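In full-length UniProt numbering, the protein residues as written are 1 to 488.
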């Protein structure tokens, strides 16, 4: 048993060490993953800084280009305004020249009309004078002389008027030539201004197209950069969230592992204490079994009761321990599925086949007359049922104290549940040791059942009945009780 406990302790220690190593390994893997995540996060941050600087540089270049385009546009607008002002001045000069020419034409026309009227009046006077001259030669001569003088004066006046008309005509022609030149110059200036305006407008449209194209290209680049920036920021946020979740899971896992270790140690201590107590009880009972058959029977009965109690307590503890282990394993499995950290498994073993001891019976007389069997006792008890009592009473009514009676106990070869659990769990106890303990327990249980059958014979046959007890148990599946054999 000491070797068993040592072996059990070593296995528990190994299991704890393996769990600790696996946990440490997974923790190291987690740390490596966290370091990788942090490294990626730093790299992403540096890329984000570079992207932000590039975006800022593009924005500055774009703003500078816009400023240059604004300056060019303003310069072109100033040129257009100056051209418009020149056009306004030329148009004003043209309007003033047209107005002066119109006035000069009106004045020339008025003077020409006045000259024509004066000429007509003079001709009328000449005609009148000629008529008067014909009337009287003297008067005609005088009048002719006066008329000649007056005519000469009128002719001189007419010549003066004609000279003035020629001057006015020459002035008019000069004015018209000047006006034609001004019109031609104005037309040329207008054409030049129109060409300059068209060129300016074409250049302005080209600049606007370039600005629009540049704006579109820069907008697309800006949108692409913003999308990439948002994607990088989302990735960084996701990495930070994953980092936080991993840290939380790591802390939770470490806490659960600490709790599991503590609970495992507590259960180990409880199990060792129960095993030590059971070992002490078994040793004490084994020592007591060697005293005497009668005392052995009584002590084995007491041992059976205590053993059943211990088995019940141990089975309950083992069941609780097994459930707790299963729950802890499920918890660890769930954590493993989330972050792939730790995987442990409860060792599974095959159920060992229990070797049944051969049954043997040996009677004191060579001839067995008859036998009766009761197999309806409860598990782990020796109480006789009413059905069994009636069958035995009817059977023994045919015999008296002159016959010999042998009582053989019957036990179920299924074994004890607690010992089976220990055997199946492979906790370090050898199968032969478990079989030996099962055999001892069956011996004690069999003696108690044989004694109950013997007491029943004494009750129905009498105190003088010759009763003996079989040295071995009858092992039978799902049968618990005794067999009474009658010899003659």
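Note that CB positions come from ideal geometry on N, CA and C, so glycine has one too.
Model, not experiment: these values are computed from the prediction.
Local Cβ density within 10 Å of residue i, reported as buried at 16 or more and exposed below that
i           : result
residue 471 : exposed
residue 138 : exposed
residue 401 : exposed
residue 79  : exposed
residue 143 : buried
residue 485 : buried
residue 43  : exposed
residue 347 : Bear in mind that a pLDDT of 36 at residue 347, under 50, signals an unreliable position, so the model cannot answer this.
residue 60  : exposed
residue 506 : Given that the chain is displayed from residue 1 to residue 488, the structure contains no residue 506 and the question cannot be resolved.
residue 412 : buried
residue 154 : buried
residue 93  : exposed
residue 480 : buried
residue 28  : exposed
residue 475 : buried
residue 406 : buried
residue 299 : buried
residue 478 : exposed
residue 382 : buried
residue 392 : buried
residue 269 : exposed
residue 23  : buried
residue 461 : buried
residue 359 : For residue 359, the pLDDT reaches just 37, beneath the cut-off of 50, and the residue's location in the model is therefore unreliable, leaving the point undetermined.
residue 343 : Confidence is the limiting factor: at residue 343 the pLDDT is only 48, short of 50, which leaves the residue's position unreliable, though a coordinate-based value still follows. Exposed is the call here.
residue 124 : exposed
residue 438 : buried
residue 422 : buried
residue 396 : buried
residue 3   : exposed
residue 442 : buried
DSSP beta-bridge partners of residue i
i           : result
residue 374 : 482
residue 411 : 475
residue 467 : 405
residue 487 : 368 and 404
8 Å contact criterion, which residue i and residue j should meet: CB distance rounded
i           : j           : result
residue 384 : residue 440 : Incorrect: roughly 24 Å between the Cβ atoms, too far for contact.
residue 157 : residue 87  : Actually they are not in contact, since the Cβ atoms of residue 157 and residue 87 sit about 48 Å apart, beyond 8 Å.
residue 448 : residue 408 : That belief does not hold up - the Cβ atoms of residue 448 and residue 408 are roughly 13 Å apart, past 8 Å.
residue 207 : residue 69  : 6 Å
residue 165 : residue 107 : 12 Å between Cβ atoms; not a contact.
residue 279 : residue 369 : Residue 279 to residue 369, Cβ: 46 Å. No contact.
residue 404 : residue 452 : In fact, because the Cβ distance is near 19 Å, the residues do not count as touching under 8 Å.
residue 179 : residue 102 : The pair is not a contact, with the Cβ atoms about 11 Å apart (cut-off 8 Å).
residue 40  : residue 242 : Wrong, their Cβ atoms sit about 11 Å apart, outside the cutoff.
residue 204 : residue 73  : 7 Å
residue 410 : residue 375 : 6 Å
residue 490 : residue 272 : Given that the chain is displayed from residue 1 to residue 488, the structure contains no residue 490 and the question cannot be resolved.
residue 196 : residue 83  : 6 Å
residue 281 : residue 306 : 6 Å
residue 454 : residue 473 : About 15 Å; that fails the 8 Å criterion.
residue 218 : residue 62  : 5 Å
Short CB-CB distance (under 8 Å) between residue i and chain C
i           : result
residue 132 : The question asks about chain C, but that chain is absent: this structure has only one protein chain.
**OP:** Count the C-beta pairs between the stretch 114-123 and the stretch 158-170 that are closer than 8 Å, then say yes if the count reaches three, no if not.
**Re:** yes
Subject >> Stretch pair the stretch 228-237 + the stretch 57-73: three plus CB contacts closer than 8 Å >> reply: no
Original post:
Pairing CB atoms from the stretch 34-54 with CB atoms from the stretch 168-181, are three or more of them under 8 Å?
Top reply: no
Original post:
Do the stretch 459-467 and the stretch 430-444 meet, that is, are 3 or more Cβ pairs less than 8 Å apart?
Top reply: no
**OP:** Could you say if the stretch 88-98 and the stretch 216-227 meet the contact criterion of at least three C-beta pairs nearer than 8 Å?
**Re:** no
Original post:
Which parts of the stretch 57-114 are runs of the beta strand (DSSP E), unbroken and 3 residues or longer, counting only runs that do not cross its ends?
Top reply: none
Original post:
Which ranges does the alpha helix (DSSP H) cover as unbroken runs of at least 4 residues, wholly within the stretch 423-454, from first to last along the chain?
Top reply: none
Original post:
For the stretch 168-249, which segments carrying the alpha helix (DSSP H) assignment without a break, of at least 4 residues, lie completely within its bounds, in sequence order?
Top reply: none
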